[in-house]
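Written below as structure tokens is the structure these notes are about.
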């Protein structure tokens, strides 16, 4: 497993039939949002009262007939100052096909609307980018020039002002709205009552690694007075500590008895370069997690608070997303003496080379390594191109070995929105 990483993901917007942009339905979508003249004050008042985006599970109505039977999500944005509005809708729009994300501007109005075929259970973050001219990339998608340009485009993105729910703050620190359709999977979060000590049970530390890196870590202790705690190491910990808070979900799982008493160890990634080196590099960082972080940092911090870390792989799990999902699986493969369960969401199992499916390191390892007594949880978005296929391959190989695996394909892309929505259920599968 000592192979160097290469960054990358599929650039194809490869969607199943009935999913994705429906430009021929944009005008019907606008009419379906509210009665009256599209773009009038009364029309906007009705749209605002209903909230956006709007999902039509039976499809959009025809002018003279029943709904068309294609479950459809309708995005709408009000902007009189810009002739173009791009919708960055995770999984369903992509900078390789910018026309698919450009909303229809209803002539003579300030209405920008787009219809998208989506299945039940679709979860995604999205934002709007108003522009004076149609978006056009200056270079091929996966070049540094194109990436730099795209980041400049996203800097102008804004959440949906008509969305009634809370916003998600992504890894760039940008606010995005979230659409979370009913229909499949996950655990609906209900904040447990009477837990005023939640913040007191979150402890911020710095892990001074033997290799000289200072890595922020947050411990979130379970409610109650259990003294013997298992552990789940969660990679990209700053996201889970500050931007998509995991603590309320963890408390809910403990209050319901879905998981045994477990401390969450949220490990920051420091910066993108350090993240890639740690999570998709050699096994050295995996050994640091097992042999240094847990015994030298976590265990003493728990002891100071009257708790004890259980040294049992059956009570110790690791969870991550993208490169973090890859690292979680690799950690259990490399150190089953310390970690007995992995949770991977959108794991980068194409690694180390996106352009060489035959050279996928984890698939090759699974074909030759002896079977293990571990638990593997794999979740992946249906709209992640080659990454989706690589996850399917890994799940099939784990199953063929007779090992325990729980797998879920989520209607979504490479997105913190569904990772946050579905991680609690994955933790139950890994620890419960």
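Residue numbers (full-length UniProt numbering): 1 to 432.
Glycine is no exception: its CB is placed at the ideal position from the N, C-alpha and C atoms.
Every value quoted in this text rests on a predicted model; they were computed, and no experiment measured them.
Given residue 19 as reference, the closest of 203, 383, 409, 417 once Cα atoms are compared
Ranking 203, 383, 409, 417 by CA distance to the CA of residue 19 puts 383 first.
Roughly how many angstroms lie between the CA atoms of residue 203 and residue 313, to the nearest whole one?
Taking the straight line from one Cα to the other gives about 23 Å.
Where the beta strand (DSSP E) containing residue 207 begins and where it ends
Run containing residue 207: 202-208, per the beta strand (DSSP E) assignment.
Quick one: any contact between the segment 323-336 and the segment 304-311, if contact means 3 or more CB pairs under 8 Å?
The segment 323-336, when compared against the segment 304-311, does not touch it at the 8 Å Cβ threshold.
Going by the CB atoms, is the gap between residue 118 and residue 73 shorter than 8 Å?
It is a contact, given that the beta carbons lie within the stated cut-off.
Can you give me the Cβ contacts of residue 210 inside the same chain, cut-off strictly under 8 Å, excluding the 5 residues immediately before and after it?
For residue 210, where only same-chain residues beyond five positions count, the Cβ hits under 8 Å are 288, 292.
Can you confirm whether the segment 97-106 touches the segment 146-154 when touching is taken to mean that 3 or more C-beta pairs between the two stretches lie within less than 8 Å?
Counting Cβ pairs under 8 Å, fewer than three are found: no touch.
Residue 199, enclosing beta strand (DSSP E) - first and last residue:
It is not in any beta strand (DSSP E) - residue 199 carries neither H nor E in the DSSP assignment.
Could you pull the start and end residues of the alpha helix (DSSP H) that residue 389 belongs to?
386-400 is the extent of the alpha helix (DSSP H) around residue 389.
Candidates 17, 279, 54, of which the one nearest residue 164 by Cα:
Nearest to residue 164 by C-alpha distance, out of 17, 279, 54, is 54.
Grouping DSSP H, G and I as helix and E and B as strand, with all else coil, what is residue 325?
Residue 325 carries a helical assignment under DSSP once its states are collapsed to helix, strand and coil.
Bridge partner(s) assigned by DSSP for residue 116
Answer is 21, 73.
7 Å Cβ shell around residue 33 - same chain, five flanking residues per side excluded
If you ignore the 5 residues before and after residue 33, its C-beta comes within less than 7 Å of the C-beta of 47, 54, 74, 76, all in its own chain and listed in chain order.
Pull up the DSSP beta-bridge partners for residue 97, would you.
DSSP output for residue 97 lists 94 as bridge partner(s).
Name the two residues that bound the continuous alpha helix (DSSP H) containing residue 149.
Residues 144-154.
Is there at least one Cβ from chain B nearer than 8 Å to residue 320's Cβ?
Here chain B cannot be found, since the structure has a single protein chain.
Candidates 353, 180, 396, 316, of which the one nearest residue 265 by Cα
Measuring from the Cα of residue 265, the nearest candidate turns out to be 316.
How many Å lie between residue 430 and residue 302 at the Cα?
Distance between the alpha carbons of residue 430 and residue 302 is about 22 Å.
Cα-Cα, which of 42, 50, 71, 326 is closest to residue 60?
The option with the nearest alpha carbon to residue 60 is 71.
Roughly how many angstroms separate the alpha carbons of residue 22 and residue 93, rounded to a whole number?
Taking C-alpha positions only, residue 22 is separated from residue 93 by approximately 12 Å.
Can you give the beta carbon distance from residue 233 to residue 267, rounded, assuming they're within the 8 Å contact cut?
Right, the Cβ-Cβ distance comes to about 6 Å (below 8 Å), so this counts as a contact.
Quick check on residue 47: does DSSP put it in helix, strand or coil?
In the three-state reduction of the DSSP assignment, residue 47 falls in the helix class, which pools H, G and I.
Could you spell out the range, first to last residue, of the alpha helix (DSSP H) harbouring residue 301?
Run containing residue 301: 299-303, per the alpha helix (DSSP H) assignment.
Any idea what DSSP makes of residue 55, helix, strand or coil?
Three-state result, residue 55: strand.
Take residue 30 and list the residues in its own chain whose beta-carbon comes closer than 7 Å to its own, dropping the five residues that flank it on each side.
Cβ within range, chain order: 38, 106, 111, 113.
Taking the alpha carbon of residue 329 as the reference point, which residue from 372, 354, 296 has its own alpha carbon closest?
Out of 372, 354, 296, 372 has the C-alpha closest to the C-alpha of residue 329.
Quick one: give me the first and last residue of the alpha helix (DSSP H) that residue 376 is part of.
The continuous stretches of alpha helix (DSSP H) do not include residue 376, which lies in the beta strand (DSSP E) extending over residues 375-381.
3-residue-minimum beta strand (DSSP E) runs that sit fully inside the segment 256-287, ordered along the chain:
Runs of the beta strand (DSSP E) spanning 3 or more residues and lying entirely within the segment 256-287 occur at 262-267, in chain order.
Using 8 Å as the cut-off, can you tell me whether the segment 207-225 makes contact with the segment 397-405, which would need three or more C-beta pairs spanning the two stretches below that distance?
Flag = no, the segment 207-225 and the segment 397-405 do not touch.
Of the residues 172, 162, 241, 409, the one placed nearest residue 347, counting alpha carbons only:
The shortest Cα separation from residue 347 among 172, 162, 241, 409 belongs to 409.
Tell me the rounded alpha-carbon separation between residue 358 and residue 280.
Their Cα atoms are separated by approximately 18 Å.
Going by other Cβ atoms of all chains shown within 10 Å of its Cβ, with 16 needed for buried, is residue 230 buried or exposed?
Residue 230 should be labelled buried.
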